[in-house]
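Undergrad: Structure provided below as C-alpha cells; questions to follow.
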Amino acid sequence: MSFTVARITPVLVVPAVEPSLAFWEGRLGFTKVAVVPHGDALGFAMLVKEGVEVMLQSEASVRDDLPAGAHADGMPGRSAALFIEVSDLAAVEAALGDWPIVMPRRTTFYGMHEVGVREPGGHLVTFAQKADA
Numbered sequence: 217m218s219f220t221v222a223r224i225t226p227v228l229v230v231p232a233v234e235p236s237l238a239f240w241e242g243r244l245g246f247t248k249v250a251v252v253p254h255g256d257a258l259g260f261a262m263l264v265k266e267g268v269e270v271m272l273q274s275e276a277s278v279r280d281d282l283p284a285g286a287h288a289d290g291m292p293g294r295s296a297a298l299f300i301e302v303s304d305l306a307a308v309e310a311a312l313g314d315w316p317i318v319m320p321r322r323t324t325f326y327g328m329h330e331v332g333v334r335e336p337g338g339h340l341v342t343f344a345q346k347a348d349a
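Numbering (my numbering), first residue to last: 217 to 349.
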C-alpha cells in the first residue's frame, strides 16, 4: 500500500474553546480562520500560523459529533501532547510572558532546548529549538 500524507493537524479536545482560543491567538500569535458555534458557546475553532494548523473542539461538540457508542465516555481520546519546533525559543518564552511553565527550560540528550506549558484545555505543549541553532 502506497500513499502520501498531505498533512496532520492536531484537534485538541478542550472543556471550552474560548480559553484555549485566547491562549493560541493572544500568546502565540495564531490566527483564527474558522469557528463553529455550539449552543451558546464555540464548539470548534481552526487556527493557523506560518502554515501550521491547530484545531480546538469542545467536549460537548465532540459528544454530539460522535455516534452513540463510539467511545465509552464520548471522547475520541483523553490526552494529547504537542511538540512544536520553533526558530527562536526565547521569543516564545517572551510571548508566553507570565504563563505558568510546567517544564522549565532544559537541554535534552537529543540536542534540543525545550520549555513546556499546559494550554487552558490541559494539554502539554513543548516548544523546542535545536541546541546548535
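Heads up, the beta-carbon is just placed ideally off N, CA and C, and yes, glycines get one too.
Can you check which of these residues, L340, I300 and F239, is closest to M328 by C-alpha distance?
TA: Residue I300 is the option with its Cα nearest to M328.
Undergrad: Do the segment 260-273 and the segment 225-232 make contact, defined as three or more Cβ pairs closer than 8 Å?
TA: Yes: the two stretches touch, three or more of their Cβ pairs being nearer than 8 Å.
Undergrad: State the Cα-Cα distance for the pair A296 and L340, rounded to the nearest angstrom.
TA: Cα-Cα distance, rounded: 7 Å.
Undergrad: Thinking just about the alpha-carbon of each residue, which of A238, E234 and K346 is nearest to the one in D365?
TA: Given that the chain is displayed from residue 217 to residue 349, the structure contains no residue 365 and the question cannot be resolved.
Undergrad: Using a threshold of 7 Å, state whether the C-beta atoms of Q345 and V318 are closer than that.
TA: Result no, Cβ atoms of Q345 and V318 do not sit closer than 7 Å.
Undergrad: Less than 7 Å between the C-beta atoms of E335 and S236, yes or no?
TA: Yes, these two residues count as a Cβ contact at 7 Å.
Undergrad: Quick check on this structure: which residue in T247, S277 and A250 has the alpha carbon closest to the alpha carbon of G259?
TA: Checking every option, the nearest Cα to that of G259 belongs to S277.
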